[in-house]
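To keep things clear, I will list the structure first and then write my remarks on it.
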Amino acid sequence: MRKVYYLSTCTTSKRIIDELGLKDAGFEFQDIKFDAITEAQIDAMHQMTGSYEALFSKIARKYKELGLKDQKLSEKDFREYILNEYTFLKRPVIIINDSIFVGSAKKNVAAAAEKLKVVN
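The sequence shown maps to residues 1144 to 1263 in my numbering.
Right under this line is the structure:
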């Protein structure tokens, strides 16, 4: 499977998609603002990462607005927040076969680029 979960209004996500050439590489794209993440999708991502927290964006505006940084959140909490508010998914999420790359950190983007070299 080749899939990207992203936000079309996020310039960082768009830059990474362009930088990696994903539009021309047979990927399915899901704009999470307009096509919400399902329970099955978040659970599949969890299976790949081993953690809902790894999928959760702590830089989302609502993280501070809701005072979540001052709370101790459980894995169940992270899952529910992601399902209920698309901005809580760390993005982009790039799935290449059995590998997942979450977020815009340089090391994640570099790892995705390396994986693409191997599978293409």
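In this text, a Cβ means the ideal position worked out from N, Cα and C, and glycines have one as well.
The beta strand (DSSP E) with phenylalanine 1172 in it runs from where to where?
-> For the purposes of this step, residue 1172 is identified with residue 29 of the sequence shown, where counting begins at 1. Phenylalanine 1172 -> beta strand (DSSP E) spans 1171 to 1174.
Contact belief for methionine 1188 with isoleucine 1243 at Cβ below 8 Å, rounded distance in angstroms = Taking the sequence shown and counting its residues from 1, the one referred to as residue 1188 is at position 45. Taking the sequence shown and counting its residues from 1, the one referred to as residue 1243 is at position 100. Yes, they are in contact, since the Cβ atoms of methionine 1188 and isoleucine 1243 sit about 6 Å apart, within 8 Å.
Does the beta-carbon distance from glutamate 1196 to glutamate 1218 come in below 9 Å?
-> Locating residue 1196 in the sequence shown gives position 53, where the first residue counts as 1. Locating residue 1218 in the sequence shown gives position 75, where the first residue counts as 1. Yes, the pair counts as a contact, with Cβ atoms nearer than the cut-off.
Pairing CB atoms from the region 1201 to 1216 with CB atoms from the region 1252 to 1259, are three or more of them under 8 Å?
-> Cβ pair count under 8 Å is below three, so no.
Rounded separation between lysine 1201 and threonine 1181 - CA only | One-based indexing of the sequence shown puts residue 1201 at position 58. One-based indexing of the sequence shown puts residue 1181 at position 38. Looking at the two C-alpha atoms, the distance is approximately 20 Å.
Could you check what DSSP says for leucine 1232 in three-state terms: helix, strand or coil?
-> Here residue 1232 refers to the residue found at position 89 of the sequence shown. Of the three classes helix, strand and coil, the one that applies to leucine 1232 here is strand, per DSSP.
From lysine 1166 to methionine 1144, what distance separates their C-alpha atoms?
-> Position 23 of the sequence shown holds residue 1166. Position 1 of the sequence shown holds residue 1144. Put simply, the backbone Cα of lysine 1166 is about 14 Å away from that of methionine 1144.
Identify the residues that DSSP records as bridge partners of phenylalanine 1199: which are they?
-> As a working note, residue 1199 is residue 56 in the sequence shown. Partner residues in the beta bridge of phenylalanine 1199, as assigned by DSSP, are Leu1232.
From Lys1250, Asp1241, Glu1228, pick the residue whose C-alpha is nearest to that of phenylalanine 1177; which is it?
-> Working through the sequence shown from its first residue, we reach residue 1177 at position 34. Phenylalanine 1177 has its Cα closest to that of Glu1228, out of Lys1250, Asp1241, Glu1228.
With a threshold of 16 other CB atoms inside 10 Å of the CB of serine 1156, please say whether the residue is buried or exposed.
-> Taking the first residue of the sequence shown as position 1, residue 1156 is located at position 13. By the neighbour-count rule (16 or more Cβ atoms within 10 Å), serine 1156 is buried.
Contact belief for isoleucine 1175 with leucine 1232 at Cβ below 8 Å, rounded distance in angstroms = In the sequence shown, the residue the question calls residue 1175 occupies position 32. In the sequence shown, the residue the question calls residue 1232 occupies position 89. Going by Cβ atoms, the distance from isoleucine 1175 to leucine 1232 rounds to 6 Å, so yes, they are a contact pair.
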